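Take a look at the structure set out below.
Residue numbers (the working numbering), protein chains in the order written: chain A, 7 to 312; chain B, 7 to 312.
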C-alpha cells in the first residue's frame with residue numbers, strides 16, 4: 007500500500023502554509039500552498055483553517071496523521087512547542103513534539119524548534135529550518151555538513167552525526183530590504199535586471215573589509231559609487247546584495263567545508279555565485295527537503311518512546 | 007571695530023539652516039536657525055529664502071560678506087561647488103570657493119566639499135564637515151588629529167599639518183534607524199530612558215565580533231536577547247545603538263590616537279561612553295566649531311590668490 011496516504015505534513019511558517027500528502031514511502035501524493043502564515047491567523051482560528059486547507063485529503067471525514075512544523079509551534083502560533091536545545095537530531099526533535107487533541111482532526115503533532123545557547127553572542131533559534139535540514143540529510147544519505155537556509159533571516163547550521171550541533175542567524179535579507187527601501191541608498195537606485203557586475207563588486211567589497219564596523223562604511227559606498235558613476239543606477243541594489251551576502255558567507259563558513267544551500271533556486275544561485283567569487287564551495291540541496299524532512303521526523307516520532 | 011559685523015556665515019545642510027553673524031574677531035554677534043534645509047528648497051528659491059532669513063542683519067539693504075558651506079554647494083543645492091580632493095586644508099578649500107553674483111545680496115561665496123578617492127572601497131565625500139573640522143583645529147590650536155562627526159552618516163577624518171588627508175563615512179545613524187523601525191527588531195522594543203546596561207551589552211558584542219558579516223548576526227541578537235529576556239524591552243534599542251556605534255569606533259579608530267568628537271552633546275556623550283567601554287580615548291570638541299570654521303575659511307578665502 008505504498009501509494010495510500012500515510013501523513014499530512016505541514017510546514018506552517020510566519021508568512022506561508024505548505025502542506026504535503028505523503029504516502030507510506032514518504033513520496034508526495036499531493037500538495038497545497040496558501041498565503042495563510044501564522045501572522046495572518048488569530049488565536050483560536052487554527053483548527054478551522056487547517057480543516058479547510060486539507061479538506062480534499064479528508065473527504066470521508068477521516069484521514070492520515072497530521073504533523074506540523076515551523077512557527078505554528080511558537081508562542082505566536084497555535085500551541086507552543088518549547089525549543090529543544092542543540093545538539094538536536096531527529097530523535098531529540100521527535101521526542102519534543104507536542105500532541106494536541108482537536109475536535110475535528112483528532113490528534114495532531116506540533117514539532118518544536120531548536121535552540122542554541124551559552125555560546126557566542128546570545129541565544130539563537132530556528133523553527134522549521136531544522137526539518138528542512140533533516141530532509142537534506144535524508145536526501146543525501148549524509149550525517150554531517152554545513153547547511154545554509156538563505157533568506158530574510160539566513161540560518162547557517164553545522165551537523166555532526168545527524169545532529170544540529172550549532173547554528174547562527176544572519177539578518178541579511180531583512181537588513182538588505184531595510185537599507186534599500188528606507189535609507190538614502192534608495193535615491194540613486196533604479197530597478198533593473200539582476201546584474202552580475204554590480205553583484206560581483208559588492209562581493210569583492212565584502213572580501214576587502216577588515217573590521218566588522220567597515221560594513222557600515224561599505225554600505226555607504228552604494229551611494230558614492232553611484233554618485234561618481236562607477237556603478238550604474240541599475241547596479242546599486244546588486245552591489246548592496248553582494249556586499250551583505252558576501253560578508254554573511256565569509257563569516258558563517260569560517261569552520262570550513264562545503265556548504266549546502268537549501269532554498270529557492272533564485273536565492274541558491276545568488277549564494278553559489280557569491281561563493282564562487284570568494285573561492286568557497288557551495289552546493290544546492292535537492293528540491294523537496296521540506297516533505298522529506300517531515301517524513302523522517304514522522305518516522306522518528308513513531309519510534310519515539312513517549 | 008571688533009564688534010562691527012564682518013561676516014554672515016551659513017552652514018546650509020540637507021535638513022537645517024544655521025547662520026551666524028560674526029564680528030571682525032570671528033566672535034558670534036547673533037545667530038539664526040531654521041528647518042529650511044537644502045532638501046526643502048526648490049531650485050531658484052535659494053536667494054529669496056536667504057534674504058528673508060538674514061534680513062535682520064541687513065536692515066539697511068546692505069551687509070557684510072556672505073559665505074555658505076554644506077550641501078548648499080551640492081548638485082541638489084544652489085550652485086554646485088565641485089569637491090576638492092584630499093589632502094585639503096583651509097587653503098585648498100578656500101581656493102575652490104565658488105562665487106556667485108546675486109541680484110539682492112551681491113557676491114556670495116559657496117564652499118566646496120572634500121573628496122577622497124583612489125584608496126579603500128570607493129570614493130567618499132563630505133560637505134560642511136570639513137568646515138567644522140577646521141573650526142575644531144582653530145579652537146584647539148592643533149594641526150593634527152582624528153576627528154569624528156557622529157550622526158546619520160558619521161564621518162571620521164584624519165588631519166595632518168592642518169589638512170584633511172583621509173576620511174570615511176559610516177552609515178551608523180541611518181542604519182540604526184532603518185533597522186529599528188523597519189525590521190522585526192521593532193516588535194520587541196519598547197521606548198524608555200537611555201539605558202547604560204543595554205548600551206554596554208551592545209558595545210561588548212561589537213568587541214566580540216570577528217568577521218565583518220558577524221554584524222548581521224549580532225543585529226539579530228537584538229531579537230533573541232529580548233525573546234529570552236536577557237535584556238528588557240526598554241534596553242533593546244540601546245543594545246542595537248551600542249553594537250553599531252561600538253563597531254564604528256573600533257573600525258574607524260584603527261589608526262590610533264585620541265579622537266575628537268564634534269557633535270551634539272547627547273551624541274558626543276554616547277560616543278565617549280562607547281570609547282570608554284572599549285578602552286579608547288575620545289574627547290569632545292568645544293561648542294561653536296561651525297562658526298569658528300567658517301571664520302577661518304573666510305580669512306583663508308580673503309588671502310586666496312584668486
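Virtual Cβ for every residue (Gly too), placed ideally from N, Cα, C.
Please read all numbers here as calculations on a predicted model, not as lab measurements.
Any non-hydrogen atom of the ligand ADP within 7 angstroms of residue i CB
i                      : result
residue 305 of chain B : By its list of ligands, the structure shown contains no ligand whatsoever, and the ligand ADP lies outside what it can speak to.
Interface flag, residue i vs chain A, CB-CB below 8 angstroms
i                      : result
residue 238 of chain B : no
residue 220 of chain B : yes
residue 277 of chain B : no
residue 190 of chain B : yes
residue 180 of chain B : yes
residue 185 of chain B : yes
residue 195 of chain B : no
residue 253 of chain B : yes
residue 211 of chain B : yes
Chain B residues whose Cβ lies nearer than 9 angstroms to that of residue i
i                      : result
residue 214 of chain A : 126, 127
residue 260 of chain A : 216, 217
Presumed contact (8 angstroms Cβ cut-off) between residue i and residue j, rounded CB distance
i                      : j                      : result
residue 36 of chain B  : residue 9 of chain B   : Between residue 9 of chain B and residue 36 of chain B the Cβ distance is about 11 angstroms, and since that is not below 8 angstroms, they are no contact.
residue 103 of chain B : residue 112 of chain B : Not quite, the Cβ-Cβ distance comes to about 15 angstroms (not below 8 angstroms), so this is no contact.
residue 380 of chain B : residue 122 of chain B : With chain B covering 7 to 312 only, the question about residue 380 of chain B has no answer from this structure.
residue 176 of chain B : residue 258 of chain B : 6 angstroms
residue 244 of chain A : residue 200 of chain A : 7 angstroms
residue 128 of chain B : residue 231 of chain A : 5 angstroms
residue 100 of chain B : residue 120 of chain B : In fact, because the Cβ distance is near 12 angstroms, the residues do not count as touching under 8 angstroms.
residue 77 of chain A  : residue 147 of chain A : Actually they do not touch by this definition, with Cβ atoms about 29 angstroms apart.
Amino acids of chain A, ordered along the chain, whose beta-carbon sits closer than 7 angstroms to that of residue i
i                      : result
residue 130 of chain B : 230
residue 56 of chain B  : Within 7 angstroms Cβ-Cβ: nothing; residue 56 of chain B doesn't reach chain A, min ~25 angstroms.
Under 7 angstroms from the C-beta of residue i: neighbouring residues of chain B
i                      : result
residue 169 of chain A : Result: empty, since nearest Cβ-Cβ is about 21 angstroms, beyond 7 angstroms.
residue 227 of chain A : 127, 128
residue 159 of chain A : 226
Proximal residues of chain A, C-beta to C-beta of residue i below 8 angstroms
i                      : result
residue 174 of chain B : 223
Short CB-CB distance (under 8 angstroms) between residue i and chain B
i                      : result
residue 234 of chain A : yes
residue 290 of chain A : no
residue 282 of chain A : no
residue 250 of chain A : yes
Residue(s) in a DSSP beta bridge with residue i
i                      : result
residue 161 of chain A : A:155, A:175
residue 116 of chain A : A:74, A:104
residue 18 of chain A  : A:23
residue 129 of chain B : In the DSSP output, where bridge partners are listed per residue, residue 129 of chain B has none listed.
residue 11 of chain A  : A:29
residue 170 of chain A : A:94, A:165
residue 40 of chain A  : A:23
residue 289 of chain B : B:266
residue 34 of chain B  : B:28
Cross-chain neighbours of residue i in chain A, by beta carbon under 9 angstroms
i                     : result
residue 15 of chain B : Those within 9 angstroms of residue 15 of chain B in chain A number zero; the least Cβ separation is about 26 angstroms.
residue 77 of chain B : Here the premise fails: no neighbours, minimum Cβ distance about 12 angstroms.
Spatial distance of residue i from residue j (CA atoms)
i                      : j                      : result
residue 198 of chain A : residue 179 of chain A : 19 angstroms
residue 307 of chain A : residue 239 of chain B : 37 angstroms
residue 172 of chain A : residue 163 of chain A : 6 angstroms
residue 139 of chain A : residue 207 of chain A : 31 angstroms
residue 166 of chain B : residue 156 of chain A : 45 angstroms
residue 287 of chain A : residue 88 of chain B  : 45 angstroms
residue 256 of chain A : residue 51 of chain A  : 43 angstroms
residue 80 of chain B  : residue 275 of chain B : 31 angstroms
residue 190 of chain A : residue 225 of chain B : 20 angstroms
residue 220 of chain B : residue 158 of chain A : 16 angstroms
residue 281 of chain A : residue 252 of chain A : 8 angstroms
residue 117 of chain B : residue 249 of chain A : 34 angstroms
residue 43 of chain A  : residue 295 of chain A : 19 angstroms
residue 38 of chain A  : residue 136 of chain A : 21 angstroms
residue 289 of chain A : residue 142 of chain A : 12 angstroms
residue 106 of chain B : residue 151 of chain B : 34 angstroms
residue 187 of chain B : residue 195 of chain B : 10 angstroms
residue 216 of chain A : residue 263 of chain B : 19 angstroms
residue 181 of chain B : residue 160 of chain B : 11 angstroms
residue 346 of chain A : residue 47 of chain A  : The first residue shown for chain A is 7 and the last is 312, placing residue 346 of chain A beyond what the model contains.
residue 85 of chain A  : residue 131 of chain A : 17 angstroms
Within chain B, the residues that residue i reaches when beta carbons sit closer than 8 angstroms
i                      : result
residue 256 of chain A : 217, 218, 219
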